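Participant: Residue numbers (this note's numbering): 72 to 257.
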Ligand code: SF4
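This is the structure we're talking about:
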């Protein structure tokens with residue numbers, strides 16, 4: 072190792088690494104490192120959750136925890152590439168700042184409070200049923216059927232997948248809503 076450190080990189084390049092992109096450019100420290108991708112138990116193919124491009128990802132799992140996410144070279148869409156946002160996906164999962172509780176701020180309230188998922192779901196259901204009842208339009212003035220509400224709209228996000236978007240579209244259309252938008256279309 073000591074010999075390696077005193078030999079100039081350009082000389083090391085001549086020993087089988089002409090472009091200087093491999094071992095000749097390695098520091099002694101980086102030589103000691105082992106990538107998380109090599110020590111993972113398994114790799115799961117997935118899709119980047121952020122935008123409608125739908126780049127392929129490889130999710131590396133160790134001890135049932137995600138340890139790294141990288142581009143999937145088998146993806147016909149992205150061929151191994153990820154933009155900086157997609158390349159940072161591992162942080163979406165493992166960040167200590169990730170919010171995993173339901174935050175609620177009451178009308179006129181100045182502070183957030185934490186409520187259970189069950190309570191939040193009940194509150195949303197109550198408001199949706201009430202709004203639908205209050206804004207339901209059964210027919211036009213001259214008696215033609217409408218069966219709709221203009222009081223409920225749905226705006227989706229890029230982390231929804233195709234199956235979720237399909238179910239959301241069916242559900243809200245069945246409820247009589249007209250304005251249904253999902254940002255991602257993978
Ligand atoms: S890696 Fe970037 S471009 Fe690709 S899907 Fe994710 S956010 Fe979109």
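Ideal Cβ positions, reconstructed from N, Cα and C, are used throughout, including at glycine.
Being a predicted model, the structure only gives us computed values, none of them experimental.
Using CA coordinates, which residue listed in 110, 122 and 136 is at the minimum distance from residue 228?
Facilitator: As a first step, residue 228 is located in the chain shown; it is residue number 157 there, counting from the start. Nearest option by C-alpha distance: 122.
Participant: Figure out for me which residue from 186, 201 and 113 has the closest Cα to the Cα of residue 137.
Facilitator: Here residue 137 refers to the residue found at position 66 of the chain shown. Ranking the options by Cα distance to residue 137, first place goes to 113.
Participant: Out of 189, 216, 223 and 132, point me to the one whose CA is closest to residue 200's CA.
Facilitator: Here residue 200 refers to the residue found at position 129 of the chain shown. It is 223 whose Cα lies nearest to the Cα of residue 200.
Participant: Please state the DSSP three-state secondary structure of residue 175.
Facilitator: Taking the first residue of the chain shown as 1, we reach residue 175 at position 104. Strand at residue 175.
Participant: What residue from 185, 170 and 171 has the CA that sits closest to residue 177's CA?
Facilitator: Here residue 177 corresponds to residue number 106 of the chain shown, with the count starting at 1. It is 185.
Participant: Apply the 10 Å Cβ neighbour rule to residue 175 and answer buried if 16 or more other Cβ atoms are within range, or exposed otherwise.
Facilitator: As a position in the chain shown, residue 175 is number 104, starting the count at 1. Exposed: under 16 other Cβ atoms inside 10 Å.
Participant: What is the DSSP secondary structure of residue 89, reduced to helix, strand or coil?
Facilitator: Numbered from 1 along the chain shown, position 18 holds the residue referred to as residue 89. The answer is coil: DSSP assigns residue 89 none of H, G, I, E or B.
Participant: Can you give me the Cβ contacts of residue 247 inside the same chain, cut-off strictly under 8 Å, excluding the 5 residues immediately before and after it?
Facilitator: For the purposes of this step, residue 247 is taken as residue 176 along the chain shown, with counting starting at 1. Within the same chain, residue 247 has close Cβ partners 203, 207, 218, 219, 220 and 223.
Participant: Do you know offhand how far residue 126's Cα is from residue 252's?
Facilitator: Residue mapping note: residue 126 aligns to position 55 of the chain shown, counting from 1. Residue mapping note: residue 252 aligns to position 181 of the chain shown, counting from 1. Each residue's Cα considered, the two are about 21 Å apart.
Participant: For a test of your reading of the model: does the CB of residue 227 fall under 7 Å from any non-hydrogen atom of ligand 1? Yes or no.
Facilitator: Indexing the chain shown from 1 puts residue 227 at position 156. Not so, every heavy atom of ligand 1 lies at least 7 Å from the Cβ.
Participant: Got a list of residues with beta-carbon closer than 5 Å to any non-hydrogen atom of ligand 1, in chain order?
Facilitator: Residues with a Cβ closer than 5 Å to any heavy atom of ligand 1, in chain order: 119, 121, 122, 124, 126, 153, 154, 156 and 157.
Participant: Taking the alpha-carbon positions, what's the residue 83 to residue 95 distance?
Facilitator: Translated into positions along the chain shown, residue 83 becomes position 12. Translated into positions along the chain shown, residue 95 becomes position 24. Cα to Cα, the separation comes out at about 5 Å.
Participant: Between which two residues does the alpha helix (DSSP H) harbouring residue 205 extend?
Facilitator: Numbered from 1 along the chain shown, position 134 holds the residue referred to as residue 205. Here the alpha helix (DSSP H) through residue 205 covers 188–206.
Participant: When DSSP builds the beta bridges, which residues end up paired with residue 116?
Facilitator: Taking the chain shown and counting its residues from 1, the one referred to as residue 116 is at position 45. DSSP, once it has assigned bridges, lists 129 as partnering residue 116.
Participant: Check whether the stretch 131–146 and the stretch 161–168 touch, using three or more Cβ-Cβ pairs below 8 Å as the test.
Facilitator: Verdict: yes, contact present.
Participant: May I ask you to report which of helix, strand or coil DSSP gives residue 222?
Facilitator: In the chain shown, counting from the first residue as 1, residue 222 sits at position 151. It is a strand residue.
Participant: Could you check how far apart the C-beta atoms of residue 129 and residue 110 are, in whole angstroms? I think they sit under 8 Å.
Facilitator: One-based indexing of the chain shown puts residue 129 at position 58. One-based indexing of the chain shown puts residue 110 at position 39. Contact doesn't hold; Cβ gap of about 14 Å is too wide.
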